[in-house]
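Heads up: the sequence shown is residues 263 to 891, going by the numbering used here.
Think of the CB as a built atom: it goes at the ideal place given N, C-alpha and C, for glycine as much as any other residue.
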Amino acid sequence: MRGLFLLPLAFCLLFPQVRVGEMKAITSSLDVRSLIVSKDEIILATGGGLGVYHTISGEYIVNTKDHGLMDTDLTTVHKGPNGLLWIGSKSGVQVWDLNDEKRLDWFQLDIEMVSGFVTYKDMVYGTVKQNGVWGIMEFIHSNDKIYYRDFYGREDIGYIDDIVKLGDDLILLTDLGLIGGNPHQTHPIYWNKRFIQIGLPIIAMAEKDEELAIVTSQTIYSIQLNKPPVPMVTNQIEFSSIRSIAVRGPLDYMAVTDSAVYHIGTDLFEKQFSDPGFHFSDITISNFSSIIGTNIGFAQFDGITLSHIAGNEPIIAAPQVISITPDNKIFMANARGISMSGWTNLSTFAHARGFSTSLNLEQSPIDFGNKVSRIFLGNDGYIYMGLIYSTTSGIVSFDVSDGIKVQQLYIPTAQSTNDDETFIVSGITMDGKGNIWGTSDNNYNLPLSVFNGNQSRHFSIGESGGVLSNNSYAISADNFNRVWVSSSSKLVMYKYSGDVMDPTSEVWLEERVDPGITMRTPLDINVSSKNRLWILTPIGLIHKDLQVSDTNPVSQTGPTATNGDLFPYFPNVVFNTNSRIRFDPRGNVWVTSEFDGIHIVTENGEYWPDINGLNESNSNLLSNHVNDV
């Protein structure tokens, strides 16, 4: 997944003499977007790579960047000439040799989306969006080589959802209806509308043995070669919800909506299976059984029983946060739930009935809202997470000693006392006395909270002397047990003595981000084990060396140029408030970007592996959009 689809991560650690490429991609192939059947193999294009399931042995293999794929966020797959697989994604077209398990070619060509492929006379045609224009991309397979021939754009078309072959014509499913033509006789820019008597919009289509199934919002049609469309069944409210349809035989179709399976025939629209815990994406036919792609693997359906197939994988394919447990397991989460290597999964969504027992999945007892903002491993061994728009709590801690169990909920105050109250916690940290701190966007005039056991305290802007603000986000604690909070234009330091719930003394202090500029936005902050406060700004990464004085806590700000001016690390990288500063066990500083991958610098100021960091082009990183590390 990419962009704010929130992408899969590659996880990596810095070791002595490590080389770029010594990385392992951890993906999830549970989100199936497209599937085909080839002999005794079910081939799946997923959000985490190319899956191949051997129906006889039950073996399931997932190919990722580690195996040679250039992109793993796949949208469609097709078996073309010589048995080669054609794989589409938002990044291009890949050609894969299934027998040798290797990539043969990779075409980027400014491709933004691929919705389908079809083979005609040993040539492969893909429906592609290139530089904002949908059209047909033509490839030739000749003398064991694959060539890109041309792109035929149609600026009059808003989208192309699918492509099939009917006789000697290629048929496109578009926003204008069905458009078709013979690519060897007519240039695609001159292809015209076909079967204009069929109403719009067209929802789905499929072809097999020269029979075309068409779904509109009012009617499901059968179109046989050289014959007019024949209405099979009409006026069912579920038509508009159909996600995919497959031709099983003459006038005999199967279709899926988001959570139901239908059998379709003449005057027949029969629901054969329904489960809101599944989200179906695609359907194809194998030996009269339906093979169905879902959001948690795939399934075989014989008309009575749906058999779910999934390996023990993480359900989280696009983690927003990641941490390491005390026993060195990977713990990653987003609004959908949690996955912990092993794998143990906690889902915030409804369970499907009868899902594969190979998938270790439990229902979450709490709501994660629409985003997990922050995560850290506490000194007590619990994992702490901040939640955005959760109806349950603002901060939650988990006991991960035996599975994933909610240990405690932390509730900040909020403006509203309505039953539908939500909590927004942007930053969390733990100080040296084990207190849990959080910054809260919706605590109007109470932007900072601290918790210890069942006790809590909420700080107002007034009691801070006006240095706190409602725009307080990132938060960290230093080695002198002082709490640092970022706001829209400054840093705030808080020091307490005694019990934070009833301190004997308090110090509030305002600190400029950049000593030479009055206003500089801190995007993220974090304090290293050597008591250096690292600050990410729109112009790059800087740091402040901290000292014991509570009235003058900063000894110097750096890095600086030879003339003494501030000279940030990574000045040309695009950072924002979603970027994160992390430290590895050796004190190296890792900084994430939603656009430029990961950038690493040692505390001595040396770039690793160089100023370009790690990205898609120089490593096995799955995306340049990185949420956490």
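The alpha carbon of residue 407 has as its nearest neighbour, out of 431, 421, 368, 372, the alpha carbon of 368. In the DSSP assignment, residue 311 falls within the unbroken beta strand (DSSP E) covering 311-316.
Pairing residue 457 with residue 477 gives a Cβ-Cβ distance that is not under 8 Å. By the Cβ test, the segment 810-830 is not in contact with the segment 840-849, since fewer than three Cβ pairs between them sit closer than 8 Å. Linking residue 651 to residue 484 through their CA atoms gives a straight-line distance of about 47 Å. If you compare the alpha carbons of 656, 576, 596, 471 with that of residue 610, the shortest gap goes to 596.
Beta-bridge partners assigned by DSSP to residue 341: 347. Between the beta-carbon of residue 886 and that of residue 877 there is about 5 Å, and that keeps the pair under the 8 Å contact cut.
Secondary structure at residue 501: helix, using DSSP grouped into helix, strand and coil. Within a 10 Å sphere around the beta-carbon of residue 755 sit 16 or more other beta-carbons, which makes this residue buried. With 16 or more neighbouring CB atoms inside 10 Å of its own CB, residue 516 falls in the buried class. If one requires a minimum length of 4 residues, no alpha helix (DSSP H) run lies completely within the segment 632-677.
Straight through space, the alpha carbons of residue 572 and residue 803 are spaced by roughly 43 Å. If you draw a straight line from the Cα of residue 757 to the Cα of residue 812, it is about 7 Å long. In the DSSP assignment, residue 685 falls within the unbroken beta strand (DSSP E) covering 685-692. Residues 661 of the same chain have their beta carbon placed closer than 6 Å to that of residue 667, with the five preceding and five following residues left out of the count. Here residue 451 carries a helix assignment [DSSP, helix/strand/coil]. Cβ contact annotation for residue 541 (same chain, cutoff 7 Å, sequence separation greater than five): 520, 521, 556, 557, in chain order. DSSP places residue 331 outside any beta strand (DSSP E), giving it a letter other than H or E.
Around the beta-carbon of residue 449, fewer than 16 other beta-carbon atoms lie within 10 Å, marking it exposed. Shown here for residue 683: same chain residues with a beta carbon closer than 8 Å to its own, the five before and five after excluded, namely 653, 676 in chain order. Of the candidates 791, 417, 644, 644 places its Cα closest to the Cα of residue 663.
Within a 10 Å sphere around the beta-carbon of residue 805 sit 16 or more other beta-carbons, which makes this residue buried. Taking each of 591, 505, 567, 553 in turn and checking the Cα distance to residue 534, the smallest one comes out for 567. Under a 10 Å Cβ-count criterion, residue 582 is classified as buried, with 16 or more other Cβ atoms of the shown protein chains found around its own Cβ. In this structure residue 882 is not in contact with residue 418, their Cβ atoms being roughly 40 Å apart against a cut-off of 8 Å. With respect to the 8 Å criterion, residue 787 and residue 736 are classified as neighbours on the basis of their beta carbons. Annotation for residue 816: the continuous beta strand (DSSP E) segment containing it runs 816-820. Secondary structure of residue 370 (DSSP, three-state): coil. Between residue 773 and residue 792, the C-beta gap is not smaller than 8 Å, which leaves the two residues out of contact. Judged by DSSP in its simplified three-state form, residue 401 adopts strand. Of the residues assessed, residue 322 falls on the buried side of the cut-off, its CB having 16 or more other CB atoms within 10 angstroms. The C-beta distance from residue 348 to residue 312 rounds to 11 Å, too long to meet the 8 Å contact threshold. Under DSSP, residue 625 shares a beta bridge with 609. Relative to the Cα of residue 302, the nearest Cα in the group 296, 310, 318, 295 belongs to 318. Less than 8 Å divides the Cβ of residue 440 from the Cβ of residue 460.
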